[in-house]
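Trainee: Quick one: the structure is below, questions incoming.
Numbering (the working numbering), first residue to last: 150 to 446.
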């Protein structure tokens, strides 16, 4: 069963119990999202920060732990998940580099065996279900091996949501393998791997596909392209971070889309919000992490 809206994802997340989120640094920009998560999901939060926040009026479900620096705040937040009290880690008021350094610290258990990649989930008025874009936030120019891992990370999310079939479109500028366009050659290899069942029996990977074909069954029909993924993709695998960034921001700013995002590939969900994310986007990112953790239990 596909998830057709972020509200449906929220309904799924509400079934997950006893979740606690470790936050590295607290800021006013995240406060509304966190308060909403406390109210609607019954979540508990532990905030690790080097400043005093009594004046912010923290909810009773939020524990505050005083740290000495941004670096310690990030490390202690990651450690809280590594040691067990928390199940999700979230970047608040610390730099991305400081936050990720803590996630990858070898003395902790958050570092996964493979690649970490970003998955953005969009609810777009012109599409019939939630659609994922990967990777527009972590891997700059993935090679074929990295694309395999990016797909596997995205599949792990949709598997946790109990999708019976997961359709991945490998986006390129044209629909045929072209030696002058390496991404099209990668797409053909990924499709062959999928046909062999290397991504799982419930995963269909097709490409190269132009965006219009992945997004619109009518476009595929007009162009005479037959694909089980065309017009019904769950995941759009982009060729590089620039394409993912542009596509995601187009969904948000031009199409009025709502977004949730998280980093996959670590041993827990990692919420890595952008500074420009709205409170709503940050809230739904928390929702996505909770749904993923609850579904995978």
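All residues carry an ideal CB built from backbone N, CA and C; glycine is no exception.
(1) Helix, strand or coil, according to DSSP, for residue 431 in the structure here?
(2) Taking the C-alpha atoms as reference points, what is the distance between residue 414 and residue 328?
(3) Which one of 399, 408 and 393 has the shortest CA to CA distance from residue 266?
(4) Buried or exposed: where does residue 443 fall if 16 or more other Cβ atoms within 10 Å of its Cβ makes it buried?
(5) Touch check for the stretch 353-368 and the stretch 255-272: three-plus C-beta pairs under 8 Å?
(6) Could you check what DSSP says for residue 331 in three-state terms: helix, strand or coil?
(7) Can you look up residue 257 in the DSSP assignment and give me helix, strand or coil?
(8) Can you give me the C-alpha to C-alpha distance between residue 321 and residue 359, rounded to a whole angstrom?
(9) Tell whether a beta-carbon distance below 8 Å holds between residue 229 and residue 251.
(10) If you run the structure through DSSP and keep just helix, strand and coil, what is residue 272?
(11) So which of 302, 177 and 357 has the shortest CA-CA distance to residue 333?
(12) Compare the beta carbon distance of residue 239 and residue 440 with 8 Å and say whether it is the shorter of the two.
(13) If you count every other CB in all the chains shown that lies within 10 Å of the CB of residue 156, and 16 or more means buried, which is it?
(14) Expressed to the nearest angstrom, what Euclidean distance is found between the alpha-carbon atoms of residue 401 and residue 194?
(15) Alpha carbons only, please: which of 217, 331, 290 and 237 is nearest the one belonging to residue 447?
(16) Cutting at 8 Å between CB atoms, please list the residues of its own chain near residue 121, excluding the five before and the five after it.
(17) Can you have a look at residue 290 and say buried or exposed, based on whether 16 or more other CB atoms are within 10 angstroms of its CB?
(18) Along the chain, where does the beta strand (DSSP E) that runs through residue 409 open and close?
(19) Are residue 116 and residue 383 closer than 8 Å when you measure CB to CB?
(20) With DSSP as the reference, please indicate the residues paired to residue 239 in a beta bridge.
(21) Extract the residue ranges of the beta strand (DSSP E) inside the stretch 299-376, only unbroken runs of 3 or more that lie entirely within it.
(22) Which residues does DSSP list as the beta-bridge partners of residue 179?
(23) Near residue 445, what residues of its chain come up, given a Cβ to Cβ distance below 7 Å and the 5 sequence neighbours on each side ignored?
(24) Compute the distance between the beta-carbons of residue 243 and residue 336, then report whether it is under 8 Å.
(25) Helix or strand or just coil, what does DSSP make of residue 165?
(26) Out of 263, 257, 286 and 273, point me to the one whose CA is closest to residue 387's CA.
(27) Taking residue 279 and residue 420 to be in contact with their CB atoms under 8 Å, please state how far apart those CB atoms are, rounded to whole angstroms.
(28) Answer with buried or exposed for residue 245, where buried requires no fewer than 16 other C-beta atoms within 10 angstroms of its C-beta.
(29) Mind checking which residues open and close the beta strand (DSSP E) that includes residue 215?
Mentor: Considering the structure as presented:
(1) Three-state DSSP puts residue 431 in a helix.
(2) Roughly 31 Å separates the two Cα atoms.
(3) Distances from the CA of residue 266 to each of 399, 408 and 393 were compared; the closest alpha carbon is that of 393.
(4) With 16 or more Cβ atoms within 10 Å of its Cβ, residue 443 is classed as buried.
(5) Touching, no, given that fewer than three Cβ pairs across the two stretches are closer than 8 Å.
(6) DSSP places residue 331 in the helix class (H, G or I) of the three-state scheme.
(7) Of the three classes helix, strand and coil, the one that applies to residue 257 here is coil, per DSSP.
(8) C-alpha separation (whole angstroms): 5 Å.
(9) Against a cut-off of 8 Å, the Cβ pair of residue 251 and residue 229 comes out as no contact.
(10) Residue 272 falls in the strand class under three-state DSSP.
(11) The shortest C-alpha separation from residue 333 is found at 357.
(12) Against a cut-off of 8 Å, the Cβ pair of residue 440 and residue 239 comes out as no contact.
(13) Burial call: exposed.
(14) Residue 194 has its alpha-carbon roughly 28 Å from the corresponding atom of residue 401.
(15) The question about residue 447 has no answer here: the residues shown for the chain are numbered 150 through 446.
(16) Only positions 150 to 446 of the chain appear in this structure, which leaves residue 121 out of reach.
(17) With fewer than 16 other Cβ atoms inside 10 Å of its own Cβ, residue 290 counts as exposed.
(18) Where residue 409 is concerned, the enclosing beta strand (DSSP E) stretches over 407-413.
(19) Because the chain spans 150 through 446 in this model, residue 116 falls outside it and cannot be assessed.
(20) Residue 239 is bridged to 172 and 420.
(21) Assignment of beta strand (DSSP E) within the stretch 299-376, counting only whole runs of 3 or more residues, yields 315-320 and 352-358 in chain order.
(22) Note: residue 179 sits in no beta bridge, so no partner.
(23) With a pLDDT of 47 at residue 445, under the threshold of 50, the predicted position of this residue should be treated as unreliable, though the coordinate-derived value follows. These residues qualify, in order along the chain: 309.
(24) Contact flag unset, no.
(25) In the structure shown, residue 165 sits in coil (DSSP, three-state: anything other than H, G, I, E or B).
(26) The shortest CA-to-CA distance from residue 387 to any of 263, 257, 286 and 273 is the one to 286.
(27) About 17 Å separates the CB atoms of residue 279 and residue 420; that is not less than 8 Å, and the two are not in contact.
(28) When all chains shown are included, residue 245 counts as exposed.
(29) Note, residue 215: beta strand (DSSP E), 211-215.
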